[in-house]
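Residue numbers (the working numbering): 2 to 301.
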């Protein structure tokens, strides 16, 4: 008697591709994409807390009294104490130092931008022999500490110690600005140079009338980066300036440092006053800055 074979049930197979998507299950690549986006959001949130947290603490501290700050340094103020801003303005002598900072920042930034354009254009176009190696030196300079002793000796030999001209001279070159401009100018077609030469356009006229309008986003980026760095400078001001009438506005922050500690609420208010002009400048040039940094990174 022969055994009767029973038919086996067909094995279930896991659907792939369109079949799986059609049954309501997302494809594998979509799941991986969602996980990557989630990880990106978590990283961005961590960095946002690290950057925004101290800024929020600075704002809340500026409206507290000193005892309230020591009792609850990270909490919200019980009442808004606007007198801290008046005290900060008077104690830091901002009215006295503000003019100096405006002069230093305006003059040094304007000269730095003009010289950076004049240096970046021949390097980007290859008109300068050895320009590639000069650009490499600028890149290396970003990672080197400033040569303070030779720099100080140079200012002394020029007779510019404790002068506005000597202090401005320290900020006339910005390597990162030249690098940004070089990368941006490289994206401009060289046919413009040939057309301008045929039409009889001079070198400097071509640079300032044609090239400069085309690189406005990069110029705005260099302007803001250089102005913020100069506006916030304090160490070099203490080293190269000894006359109290020549100090920049950052010098006023030292007034809040006492024998047994700092008066934190007025100091926080002073920092907010100090950063306001640069925040306004950034907001005014924001649309140029974003495109300038992005284009400079991609096109280079």
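Just so it is clear, CB atoms sit at the ideal spot from N, CA and C, and this is done for glycine as well.
Predicted, not measured: the structure shown is a model, and the values here were computed from it.
Check: Between residue 207 and the rest of its own chain, which residues show a CB-CB distance below 6 Å, the 5 nearest in sequence each way excluded?
Finding: 197
Checklist line | Cβ-based neighbour list, residue 177, same chain, cut-off 7 Å, excluding 5 preceding and 5 following | finding: 143 and 226
Margin query: Out of 89, 50, 51 and 210, which one is the CA nearest neighbour of residue 62?
Written below: 89
Next item on the list: State the DSSP-derived secondary structure class of residue 111, mapped to helix, strand or coil.
Entry: helix
Margin query: Can you tell me whether residue 258 is helix, strand or coil according to DSSP?
Written below: strand
Next item on the list: Pick out whichever of 98, 32, 54 and 214 has its Cα sitting closest to the Cα of residue 252.
Entry: 98
Notebook entry, point to check: Less than 9 Å separating the beta-carbons of residue 290 and residue 214?
Noted result: no
Next item on the list: Return the Cβ separation of residue 228 and residue 182 in integer angstroms, given the expectation that the two are a contact with Cβ distance under 8 Å.
Entry: In fact, because the Cβ distance is near 16 Å, the residues do not count as touching under 8 Å.
Item checked: Which of helix, strand or coil DSSP assigns to residue 142 -> helix
Item checked: The alpha helix (DSSP H) enclosing residue 173, as first and last residue numbers -> Unbroken run through residue 173: none, as it is neither H nor E.
Item checked: For residue 263, the residue or residues it bridges with in DSSP -> 258
Next item on the list: Find the nearest neighbour of residue 92 within the set 288, 264 and 246, judged by alpha-carbon distance.
Entry: 264
Note to self: Under DSSP, the alpha helix (DSSP H) around residue 93 begins and ends at which residues?
What the structure shows: It is not in any alpha helix (DSSP H) - residue 93 carries neither H nor E in the DSSP assignment.
Note to self: When you compare the region 270 to 283 with the region 123 to 133, are there three or more beta-carbon pairs, one atom per stretch, that lie closer than 8 Å?
What the structure shows: no
Check: Roughly how many angstroms lie between the CA atoms of residue 1 and residue 141, to the nearest whole one?
Finding: The shown model of the chain, from 2 to 301, leaves out residue 1, and the question about it has no answer.
Next item on the list: Name the two residues that bound the continuous alpha helix (DSSP H) containing residue 77.
Entry: No alpha helix (DSSP H) contains residue 77, which DSSP labels as neither H nor E.
Checklist line | Rounded Cβ spacing between residue 150 and residue 241 (contact assumed at less than 8 Å) | finding: At roughly 13 Å, the Cβ-Cβ gap does not stay under 8 Å, so residue 150 and residue 241 are not in contact.
Next item on the list: Note down the Cα distance separating residue 109 from residue 235, rounded to an integer number of angstroms.
Entry: 16 Å
Note to self: What does the Cβ neighbour count give for residue 77, buried or exposed, with the cut at 16 atoms within 10 Å?
What the structure shows: exposed
Check: By a C-beta neighbour count over all protein chains shown, 10 Å radius and 16 as the cutoff for buried, is residue 35 buried or exposed?
Finding: exposed
Notebook entry, point to check: Under three-state DSSP, which class holds residue 185?
Noted result: helix
Item checked: Element boundaries [alpha helix (DSSP H), containing residue 1] -> The first residue shown for the chain is 2 and the last is 301, placing residue 1 beyond what the model contains.
Next item on the list: Grab the span of the alpha helix (DSSP H) containing residue 46 for me, first residue to last.
Entry: 29 to 63
Margin query: For residue 22, count the other beta carbons within 10 Å of its own beta carbon; 16 or more makes it buried, fewer makes it exposed. Which is it?
Written below: No answer about residue 22 holds up, because its pLDDT of 48 lies below 50 and its placement is not dependable.
Check: In chain order, which alpha helix (DSSP H) runs of at least 4 residues are fully inside the region 215 to 249?
Finding: 217 to 232 and 236 to 241
Checklist line | Endpoints, alpha helix (DSSP H) assigned at residue 150 | finding: 149 to 158
Note to self: Quick check on DSSP: helix, strand or coil for residue 164?
What the structure shows: coil
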